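*Asks:*
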Amino acid sequence: MTKEEGMKGEARTARPRNRQRNAEYKVKFLTLLLCWSHISRLFDFVDKMLDAELNDLPDIKAPELTFEHLVKVLSSLRPLQRYSFCVEAQNEGDVDKLYKGFLKLLKGNLSLEEVVALYSASVVLFLLADDDRERSCNQRLELLNKTFNYSDTLKPTMIHFATVEMMNSLRLANTNEEYFFIYLLDAIPHVLVASDTGKMISLGLLRALIAVLSGSRIILYIYRSLWEAWEMVPQISQNMILLEWSLRRTYALLKAFSLLMAAVAFNSGNRELKQAGYRGFELPNCTTEISDWFRTLRDRLEEKHTELKCKVGLQLVRFVDHNILASLTETGNESTSEAGNEATSEAGNDTAG
1 MTKEEGMKGE ARTARPRNRQ RNAEYKVKFL TLLLCWSHIS RLFDFVDKML DAELNDLPDI
61 KAPELTFEHL VKVLSSLRPL QRYSFCVEAQ NEGDVDKLYK GFLKLLKGNL SLEEVVALYS
121 ASVVLFLLAD DDRERSCNQR LELLNKTFNY SDTLKPTMIH FATVEMMNSL RLANTNEEYF
181 FIYLLDAIPH VLVASDTGKM ISLGLLRALI AVLSGSRIIL YIYRSLWEAW EMVPQISQNM
241 ILLEWSLRRT YALLKAFSLL MAAVAFNSGN RELKQAGYRG FELPNCTTEI SDWFRTLRDR
301 LEEKHTELKC KVGLQLVRFV DHNILASLTE TGNESTSEAG NEATSEAGND TAG
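Quick note on numbering: UniProt numbering labels position 329 of the sequence shown as 329, and the sequence is numbered without any gaps.
Here it is as structure tokens:
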């Protein structure tokens with residue numbers, strides 16, 4: 001073989017390697033882009049929300065989810081137990097095998113039951129404690145986004161089915177109901193911005209959480225309107241909240257309602273949901289009743305926890321101020337201003353006449 005022929009042979013061998021390397025770089029770039037897109041949308045969403053850091057609230061924070069908790073959820077997801085990699089990964093404690101296996105599943109044709117099971121699996125994987133948080137977060141955000149973007153189905157029956165199944169399966173992660181609330185509230189902001197399907201499921205989960213806290217019975221697990229969700233809140237006795245509820249349970253109510261309000265009334269990205277026939281993406285005409293109830297609760301919480309010198313309780317007071325009352329006050333001022341402008345305009349027209 002001549003030197004020239006040898007160089008040509010090496011070039012032919014190098015080209016596939018270069019193409020493979022370029023393809024790998026593209027995949028990595030797209031993965032980073034997907035994660036950044038998710039984080040960017042999440043920042044846009046939480047811009048209205050000044051949330052308290054749970055790390056500073058030990059009385060509210062739930063224990064980290066372990067692999068054992070993950071197995072409890074996965075073992076209940078029968079559509080996924082049919083796959084050998086899922087069973088093997090559970091026995092071996094191999095998170096990476098689950099992650100890669102689920103991503104591979106998403107490249108094929110899945111039934112509705114399998115997709116909904118992956119919703120729950122991706123959420124618990126996202127919440128799972130991991131030493132390598134940065135790498136893990138990127139991987140799990142990728143899985144979460146791809147799972148909730150697998151299908152853009154917005155049929156009410158599908159949203160109801162997915163919401164109920166997720167509620168039932170995620171409860172298995174921990175028998176403590178209040179921990180379940182916190183896990184759900186930790187995951188929902190990320191599911192909300194993943195896709196329109198994820199958003200409608202998240203709204204259904206928030207509505208269902210408020211129903212559980214208020215003891216209300218709901219038949220269809222589908223978001224209807226902020227007013228309909230709000231009407232369940234006053235069914236909760238404020239005396240019971242102050243005397244019987246834990247700080248964690250109180251936080252769950254405040255967080256659920258503030259998240260719901262931010263997602264539907266202060267989010268400009270609901271156009272496609274409206275086009276799909278969903279309604280209720282605005283504040284009710286009269287917000288005074290909502291403001292009065294939460295302001296009364298806020299004042300009573302402040303009085304109680306000032307006397308008890310309870311830092312966590314006072315942080316809940318600030319949470320109400322920033323995430324509920326401030327938003328309602330701003331909206332009320334805008335409405336008053338608009339009404340004033342209209343009245344001035346009409347008065348000007350009358351004078352001109």
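Backbone N, C-alpha and C define an ideal beta-carbon position, used for all residues, glycine too.
Treat the numbers as computed from the prediction; the structure is a model and nothing was measured.
L242 and L316 look like a contact to me (Cβ under 8 Å); what is the Cβ gap, rounded to whole Å?
*Replies:* One-based indexing of the sequence shown puts residue 242 at position 242. One-based indexing of the sequence shown puts residue 316 at position 316. Not quite, the Cβ-Cβ distance comes to about 11 Å (not below 8 Å), so this is no contact.
*Asks:* Between the alpha carbons of L33 and L127, how many angstroms are there, rounded?
*Replies:* Indexing the sequence shown from 1 puts residue 33 at position 33. Indexing the sequence shown from 1 puts residue 127 at position 127. In this prediction, L33 has a pLDDT of 48, which is less than 50 and means its spatial position is unreliable; what the coordinates show is noted afterwards. Whole-angstrom Cα-Cα distance: 21 Å.
*Asks:* Expressed to the nearest angstrom, what Euclidean distance is found between the alpha-carbon atoms of V115 and S84?
*Replies:* Numbered from 1 along the sequence shown, position 115 holds the residue referred to as residue 115. Numbered from 1 along the sequence shown, position 84 holds the residue referred to as residue 84. The alpha-carbon atoms of V115 and S84 are separated by roughly 17 Å.
*Asks:* Using the Cα positions of E289 and K97, report the straight-line distance between them to the nearest angstrom.
*Replies:* Counting from 1 along the sequence shown, the entry for residue 289 is found at position 289. Counting from 1 along the sequence shown, the entry for residue 97 is found at position 97. Straight-line Cα distance between these residues: approximately 51 Å.
*Asks:* Since L65 sits in a beta bridge, which residues does DSSP pair it with?
*Replies:* In the sequence shown, the residue the question calls residue 65 occupies position 65. Answer by DSSP bridge pairing, in chain order: L128.
*Asks:* I need the straight-line Cα distance from L297 to W245, nearest angstrom please.
*Replies:* The sequence position of residue 297 within the sequence shown is 297, counting from 1. The sequence position of residue 245 within the sequence shown is 245, counting from 1. Answer to the nearest angstrom: the Cα atoms are 13 Å apart.
*Asks:* Can you name, in chain order, every residue of its own chain whose Cβ lies under 6 Å from the Cβ of N270, other than the five neighbours on each side?
*Replies:* By 1-based counting over the sequence shown, the position of residue 270 is 270. Answer for N270: F281, listed in chain order.
*Asks:* Taking DSSP as the reference, what is the three-state secondary structure of P284?
*Replies:* The count along the sequence shown starts at 1 and reaches residue 284 at position 284. Residue state, collapsed to three classes: coil.
*Asks:* How should D299 be labelled, buried or exposed, when 16 other C-beta atoms within 10 angstroms of its C-beta is the threshold for buried?
*Replies:* Counting from 1 along the sequence shown, the entry for residue 299 is found at position 299. Exposed, since its Cβ has fewer than 16 Cβ neighbours within 10 Å.
*Asks:* Once the 5 residues before and after L220 are set aside, which same chain residues still bring their CB inside 8 Å of it?
*Replies:* Locating residue 220 in the sequence shown gives position 220, where the first residue counts as 1. Same-chain partners within the cutoff: P156, H160.
*Asks:* Quick check on V317: does DSSP put it in helix, strand or coil?
*Replies:* One-based indexing of the sequence shown puts residue 317 at position 317. Helix, per DSSP.
*Asks:* Specify the secondary structure class of Y99 as computed by DSSP and reduced to three states.
*Replies:* Position 99 of the sequence shown, counted from the first residue, corresponds to residue 99. Helix at Y99.
*Asks:* Hey, could you find the ends of the alpha helix (DSSP H) P234 is sitting in?
*Replies:* Looking up residue 234 in the sequence shown gives position 234. Counting along the chain, P234 falls outside any alpha helix (DSSP H), and DSSP gives it neither H nor E.
*Asks:* Which of the three DSSP states is assigned to S268 in this structure?
*Replies:* Start at 1 with the first residue of the sequence shown, and residue 268 comes out as number 268. Coil, per DSSP.
*Asks:* Is it buried or exposed for Q275, if we count other Cβ within 10 angstroms and need 16 for buried?
*Replies:* Your numbering for residue 275 matches position 275 in the sequence shown. Looking at its Cβ environment, which holds fewer than 16 other Cβ atoms inside 10 Å, Q275 is exposed.
*Asks:* In the structure shown, what three-state DSSP assignment does S84 receive?
*Replies:* Here the question's residue 84 lines up with position 84 in the sequence shown. If DSSP states are grouped into helix, strand and coil, S84 belongs with the helices.
*Asks:* Can you tell me whether DSSP reads S216 as helix, strand or coil?
*Replies:* The count along the sequence shown starts at 1 and reaches residue 216 at position 216. Here S216 sits in coil by DSSP.
*Asks:* Check whether the stretch 141 to 151 touches the stretch 195 to 207, taking contact to mean three or more Cβ pairs, one atom from each stretch, closer than 8 Å.
*Replies:* A contact exists between the stretch 141 to 151 and the stretch 195 to 207.
*Asks:* In three-state terms, what does DSSP make of E302?
*Replies:* Residue numbering aside, residue 302 sits at position 302 when the sequence shown is read from its first letter. Helix at E302.
*Asks:* Keeping to the same chain, check which residues put their C-beta closer than 8 Å to that of M227; ignore five residues upstream and five downstream.
*Replies:* Numbered from its first residue, the sequence shown carries residue 227 at position 227. Inspection of the sequence shows that residue 227 is occupied by Trp rather than by Met. Counting only Cβ-Cβ distances below 8 Å, and skipping sequence neighbours, we find G280, P284.
*Asks:* Go through its chain and collect everything with a Cβ distance to V312's Cβ below 7 Å, but skip five positions before and after it.
*Replies:* As a working mapping, residue 312 is identified with position 312 in the sequence shown. Cβ within range, chain order: L57, D59, I60, L247.
*Asks:* Exposed or buried, what is R91 when buried is set at 16 or more other beta-carbons lying within 10 Å of its beta-carbon?
*Replies:* Indexing the sequence shown from 1 puts residue 91 at position 91. Here residue 91 turns out to be Asn, not Arg, going by the sequence shown. By the neighbour-count rule (16 or more Cβ atoms within 10 Å), N91 is not buried but exposed.
*Asks:* Identify whether E244 lies in helix, strand or coil by the three-state DSSP scheme.
*Replies:* What you label residue 244 is simply residue 244 of the sequence shown in a count that begins at 1. Here E244 sits in coil by DSSP.
*Asks:* Ends of the alpha helix (DSSP H) at N168?
*Replies:* Indexing the sequence shown from 1 puts residue 168 at position 168. Element bounds for N168: 156 to 170.
*Asks:* In chain order, what residues of the same chain lie with their CB nearer than 7 Å to the CB of L192, ignoring the 5 residues before and after it?
*Replies:* Taking the sequence shown and counting its residues from 1, one reaches residue 192 at position 192. These residues qualify, in order along the chain: F45, G198, K199, S202, A263.
*Asks:* Compare the beta carbon distance of A121 and L170 with 8 Å and say whether it is the shorter of the two.
*Replies:* Along the sequence shown, one-based indexing puts residue 121 at 121. Along the sequence shown, one-based indexing puts residue 170 at 170. For A121 and L170, no; Cβs fall outside 8 Å.
*Asks:* Just to confirm my understanding: we take R224, look at its own chain, exclude 5 residues before and 5 after, and list those with CB closer than 7 Å. What are they?
*Replies:* For the purposes of this step, residue 224 is taken as residue 224 along the sequence shown, with counting starting at 1. Within the same chain, R224 has close Cβ partners G280.
*Asks:* Whole angstroms is fine: what's the gap from T287's alpha carbon to D321's?
*Replies:* Sequence index remark: in the sequence shown, residue 287 carries index 287 (1-based). Sequence index remark: in the sequence shown, residue 321 carries index 321 (1-based). Whole-angstrom Cα-Cα distance: 15 Å.
*Asks:* Tell me whether R207 sits in a helix, a strand or coil according to DSSP, three-state version.
*Replies:* Mapped onto the sequence shown, residue 207 falls at position 207. R207: helix per DSSP, three-state reduction.
*Asks:* When you compare only the Cα positions, how much space is there between A326 and K100?
*Replies:* On the sequence shown, position 326 is the one that residue 326 refers to. On the sequence shown, position 100 is the one that residue 100 refers to. A326 and K100: Cα-Cα distance of roughly 44 Å.
*Asks:* Here's a check: name, in chain order, each residue in its chain whose Cβ is nearer than 7 Å to the Cβ of L74, leaving out the five neighbours to either side.
*Replies:* Numbered from its first residue, the sequence shown carries residue 74 at position 74. Cβ neighbours of L74 beyond the five flanking positions: L80, C86, Q90, A121.
*Asks:* Can you grab the Cα-Cα spacing for the pair residue 386 / L112, in whole Å?
*Replies:* Outside the shown range of the chain, which is 1 to 353, sits residue 386, and nothing can be said about it.
*Asks:* Return the residue from the list R249, I222, L213, I324 that minimises the CA-CA distance to P234.
*Replies:* By 1-based counting over the sequence shown, the position of residue 234 is 234. Of the candidates R249, I222, L213, I324, the one whose C-alpha sits nearest the C-alpha of P234 is L213.
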